[in-house]
Amino acid sequence: MAAVSQRYTMRPVIPADRSDSCGRVTINNIPQGVTEAKLKANLSHHGDVKIHMFVPGCEYSAGWAWVSFGNRDGVVSVLQTAYEKSHAREKLESIEKAEKPVEESDKENAATSEGEGNSSYISSDCSEDEAGNH
Numbered sequence: 001m002a003a004v005s006q007r008y009t010m011r012p013v014i015p016a017d018r019s020d021s022c023g024r025v026t027i028n029n030i031p032q033g034v035t036e037a038k039l040k041a042n043l044s045h046h047g048d049v050k051i052h053m054f055v056p057g058c059e060y061s062a063g064w065a066w067v068s069f070g071n072r073d074g075v076v077s078v079l080q081t082a083y084e085k086s087h088a089r090e091k092l093e094s095i096e097k098a099e100k101p102v103e104e105s106d107k108e109n110a111a112t113s114e115g116e117g118n119s120s121y122i123s124s125d126c127s128e129d130e131a132g133n134h
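Numbering (UniProt numbering), first residue to last: 1 to 134.
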């Protein structure tokens, strides 16, 4: 057996030239049911995509993928699309929130259970425990 000149550290070898790093992106929160083929088809209109690692989503956690594009423009396109969708979703949520009527909380109505704070009905009946107090 040949002697090993360096200690084995189990660390991945990272090339000294990292010129392709601008074409890589990690995609998180991939929902359950999305396959590697679906992801590749969805990303392919942004450019030449290569999926290096794909972890599908399951019922316990969302999936993720590590992908790279042939050039920086593919990554910029993906990030721009994600940014636009995120802000469109936030804007829609804020519009829906503004359209909802504001309900008064039970604390503001001094209610202890549902409907007590808004009730105007007052019963003159007393329980057996309260009968001796009147």
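Ideal placement from N, C-alpha and C gives every residue a C-beta, glycine not left out.
It should be emphasised that the depicted structure is a prediction, and the values quoted were computed from it without experimental measurement.
Contact belief for residue i with residue j at Cβ below 8 angstroms, rounded distance in angstroms
i     : j     : result
Ala62 : Ile30 : 6 angstroms
Gly23 : Ser68 : 5 angstroms
Val78 : His46 : 5 angstroms
Ala41 : Phe54 : Not really, about 13 angstroms apart at Cβ, beyond 8 angstroms.
Sequence-distant residues of the same chain with beta carbon closer than 6 angstroms to residue i, five excluded per side
i     : result
Gly74 : His46 and Gly47
Ile56 : The amino acid at residue 56 is misidentified as Ile; the sequence shows Pro. Gly63.
Lys50 : Ser68
Beta-carbon contacts of residue i that lie in its chain and below 7 angstroms, excluding the five residues immediately before and after
i     : result
Cys58 : Gln32
Asn71 : Gly23 and Gly47
Bridge partners - residue i, DSSP secondary structure assignment
i     : result
Gln32 : Gly57
Arg24 : Ser68
Lys50 : Ser68
With 16 other Cβ atoms within 10 Å as the buried cut-off, status of residue i
i     : result
Gly39 : Reading the sequence as shown, one finds Leu at residue 39 and not Gly. Buried is the call here.
Leu92 : exposed
Residues near residue i by beta carbon distance below 8 angstroms, same chain, minus five either side
i     : result
His87 : none
Lys85 : none
Glu36 : Ile51, Phe54, Pro56 and Ala65
Gln80 : none
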